[in-house]
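Undergrad: Sending over a structure as structure tokens; questions will come in a sec.
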Amino acid sequence: MKKVQIGSQEVQVGEVDELCRVLADEVESLLVARAEQGKCAVLGLATGSTPLPFYDELIRRHREEGLSFANVISFNLDEYEGLGRDHERSYWCEMWRNLFDHVDVKQENVSVPPSVSDDPDRAAAKYEAAIQAAGGIDWQLLGIGGEGHIGFNEKGSSLNSRTRRVTLARKTIIDAAPSFGGEENVPTHAITMGVASILEAERVVLMARGASKKEIVHRAICGEVGPEVPASFLQNHINVGWFLDGDAAGS
Ligand code: PGA
Numbered sequence: 005m006k007k008v009q010i011g012s013q014e015v016q017v018g019e020v021d022e023l024c025r026v027l028a029d030e031v032e033s034l035l036v037a038r039a040e041q042g043k044c045a046v047l048g049l050a051t052g053s054t055p056l057p058f059y060d061e062l063i064r065r066h067r068e069e070g071l072s073f074a075n076v077i078s079f080n081l082d083e084y085e086g087l088g089r090d091h092e093r094s095y096w097c098e099m100w101r102n103l104f105d106h107v108d109v110k111q112e113n114v115s116v117p118p119s120v121s122d123d124p125d126r127a128a129a130k131y132e133a134a135i136q137a138a139g140g141i142d143w144q145l146l147g148i149g150g151e152g153h154i155g156f157n158e159k160g161s162s163l164n165s166r167t168r169r170v171t172l173a174r175k176t177i178i179d180a181a182p183s184f185g186g187e188e189n190v191p192t193h194a195i196t197m198g199v200a201s202i203l204e205a206e207r208v209v210l211m212a213r214g215a216s217k218k219e220i221v222h223r224a225i226c227g228e229v230g231p232e233v234p235a236s237f238l239q240n241h242i243n244v245g246w247f248l249d250g251d252a253a254g255s
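Following our numbering, the numbering of the sequence shown begins with 5 at its first residue and continues without gaps.
This is the structure:
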């Protein structure tokens, strides 16, 4: 893995398995340190295809090296509206399928924003309060959408945005269509942690893989900071890590 300076940001570039090992090292150190302090580690986790090999590495460490998730509290970034937890495309299901089912995390310590709610504003406020009650997020993982979203903070999301109900961008719906068997089946709304909620995490890492992310990743890392590319707000986080494979870095 090599460090590359892009604009004001230091960027880690490497093979996907290398990136995942380094990210898993960060999580492992956090979990071990918190366990020694008798405390929980609070993780902010993401869905999508990007983190899958990273989750595989965490599962491997649990199975082969005994890394325990018993003291993990986790909050997911976002959830589609209206699917219900048992829907196989819900992020609740995705997280259990891809990570939680395979490690010793306690179900009561896992939070994903509610997919179904009579009162989304109240549900969003409750989600924020739960993060605060857990002591805030220690380590937040992010992917990046084709137009620069983080969570479902689409283009236009402000620096001050908090957890809320959002309308999905057309590009997000198009990108999700294959896994839903067509655009018409993709939910039009979601609930997402806001930009401000994400930036409050102690450490934030953004991972991107593949040539399709190259242009947007560069805009996020060294373009103008603002709502046009919500991931660009990370440039001003005091402890951000950018983790790119060669294709996303364009090297
Ligand atoms: P992906 O999605 O990991 O499936 O590319 C990332 C995102 O939309 O945040």
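Where is the CB? At the ideal position from N, CA and C, for every residue including glycine.
Are there three or more Cβ pairs, one per stretch, closer than 8 Å when the region 138-156 is compared with the region 206-221?
TA: The region 138-156, when compared against the region 206-221, does touch it at the 8 Å Cβ threshold.
Undergrad: Less than 6 Å separating the Cβ of Ser53 from some heavy atom of the ligand PGA?
TA: Locating residue 53 in the sequence shown gives position 49, counting from the first residue. Result yes, Cβ under 6 Å from the ligand PGA.
Undergrad: Within the region 132-183, note down every full beta strand (DSSP E) run reaching 3 residues or more, in order along the chain.
TA: Complete beta strand (DSSP E) runs here, min 3: 143-146 and 168-171.
Undergrad: Pick from Lys159, Asn243 and Leu62: whose alpha carbon is nearest that of Asp108?
TA: The residue labelled residue 108 in the question sits at position 104 within the sequence shown. Cα-wise, what sits closest to Asp108 is Leu62.
Undergrad: Would a C-beta distance cut-off of 7 Å place Tyr95 and Asn80 closer than the cut-off?
TA: Looking up residue 95 in the sequence shown gives position 91. Looking up residue 80 in the sequence shown gives position 76. Cβ distance < 7 Å, so Tyr95 and Asn80 count as in contact.
Undergrad: How far does the alpha helix (DSSP H) with Lys218 in it extend, from its first residue to its last?
TA: Taking the sequence shown and counting its residues from 1, one reaches residue 218 at position 214. Note, Lys218: alpha helix (DSSP H), Lys218 to Cys226.
Undergrad: Rounded to whole angstroms, what is the Cα-Cα separation between Ala76 and Ala134?
TA: Position 72 of the sequence shown, counted from the start, is the residue given in the question as residue 76. Position 130 of the sequence shown, counted from the start, is the residue given in the question as residue 134. First, the residue type needs correcting, since residue 76 is Val and not Ala in the sequence shown. Cα-Cα distance, rounded: 14 Å.
Undergrad: Helix, strand or coil for Met99? Go by DSSP, reduced to three states.
TA: For the purposes of this step, residue 99 is identified with residue 95 of the sequence shown, where counting begins at 1. Reduced to three states, the DSSP call for Met99 is helix.
Undergrad: Classify Thr171 as buried or exposed, calling it buried when 16 or more other Cβ atoms lie within 10 Å of its own Cβ.
TA: On the sequence shown, position 167 is the one that residue 171 refers to. Thr171 is exposed by the Cβ-count criterion.
Undergrad: Could you tell me which residues DSSP pairs with His66 in its beta bridges?
TA: For this step, residue 66 is matched to residue 62 along the sequence shown. BP columns for His66 are empty, so no partner.
Undergrad: Quick check on Thr192: buried or exposed, where buried means 16 or more other Cβ atoms within 10 Å of its Cβ?
TA: The count along the sequence shown starts at 1 and reaches residue 192 at position 188. That one is exposed.
Undergrad: Taking only three categories from DSSP, how would you classify His91?
TA: Locating residue 91 in the sequence shown gives position 87, counting from the first residue. Correct three-state label for His91: coil.
Undergrad: On a CA-only basis, which of Val8, Ile242, Pro55 and Ile10 is nearest Asp21? Give me that one, please.
TA: Within the sequence shown, the letter at position 17 stands for residue 21. For Asp21, the nearest C-alpha among the options comes from Pro55.
Undergrad: Taking only the alpha-carbon atoms, compute the straight-line gap between Glu187 and Val244 and give it to the nearest angstrom.
TA: Counting from 1 along the sequence shown, the entry for residue 187 is found at position 183. Counting from 1 along the sequence shown, the entry for residue 244 is found at position 240. So the alpha carbons of these two residues sit roughly 34 Å apart.
Undergrad: Got a sec, what are the start and stop residues for the beta strand (DSSP E) Asp82 sits in?
TA: Within the sequence shown, the letter at position 78 stands for residue 82. It spans Asp82 to Tyr84 - the beta strand (DSSP E) in which Asp82 sits, taken as one unbroken run.
Undergrad: Does the beta-carbon of Asp90 have 16 or more other beta-carbons within 10 angstroms, so that it is buried, or is it exposed?
TA: Position 86 of the sequence shown, counted from the start, is the residue given in the question as residue 90. Its Cβ having fewer than 16 others within 10 Å, Asp90 is exposed.
Undergrad: Using 7 Å as the threshold, is the C-beta distance between Phe184 and Met211 below it?
TA: The sequence position of residue 184 within the sequence shown is 180, counting from 1. The sequence position of residue 211 within the sequence shown is 207, counting from 1. Contact: no.
Undergrad: Between which residues of its own chain and Asp29 is the CB-CB distance below 7 Å, once the five residues before and five after are set aside?
TA: Within the sequence shown, numbered from 1, the residue matching residue 29 stands at position 25. For Asp29, where only same-chain residues beyond five positions count, there are no Cβ hits under 7 Å.
Undergrad: Beta carbon of Gly149: closer than 6 Å to some heavy atom of the ligand PGA?
TA: To locate residue 149, count along the sequence shown from 1; it is residue 145. Gly149: yes, Cβ under 6 Å from the ligand PGA.
Undergrad: What are the boundary residues of the alpha helix (DSSP H) that Glu14 is part of?
TA: For this step, residue 14 is matched to residue 10 along the sequence shown. Unbroken run through Glu14 is the beta strand (DSSP E), Gln13 to Val17; no alpha helix (DSSP H).
Undergrad: On the DSSP bridge list, what partners appear for Thr196?
TA: One-based indexing of the sequence shown puts residue 196 at position 192. Its beta-bridge partners are Asp82 and Arg168.
Undergrad: Nearest-angstrom Cα distance between Lys175 and Gly42?
TA: For the purposes of this step, residue 175 is taken as the residue at position 171 of the sequence shown. For the purposes of this step, residue 42 is taken as the residue at position 38 of the sequence shown. For Lys175 and Gly42, the distance between alpha carbons rounds to 44 Å.
Undergrad: Between Gly152 and the rest of its own chain, which residues show a CB-CB distance below 8 Å, the 5 nearest in sequence each way excluded?
TA: Position 148 of the sequence shown, counted from the first residue, corresponds to residue 152. Only Lys159, Ile220, Arg223, Ala224, Glu232, Val233, Pro234, Ala235 and Ser236 meet the Cβ criterion.
Undergrad: Roughly how many whole angstroms lie between the Cα atoms of Met197 and Ile177?
TA: Counted from its first residue, the sequence shown places residue 197 at position 193. Counted from its first residue, the sequence shown places residue 177 at position 173. Approximately 18 Å, taken between the alpha carbons.
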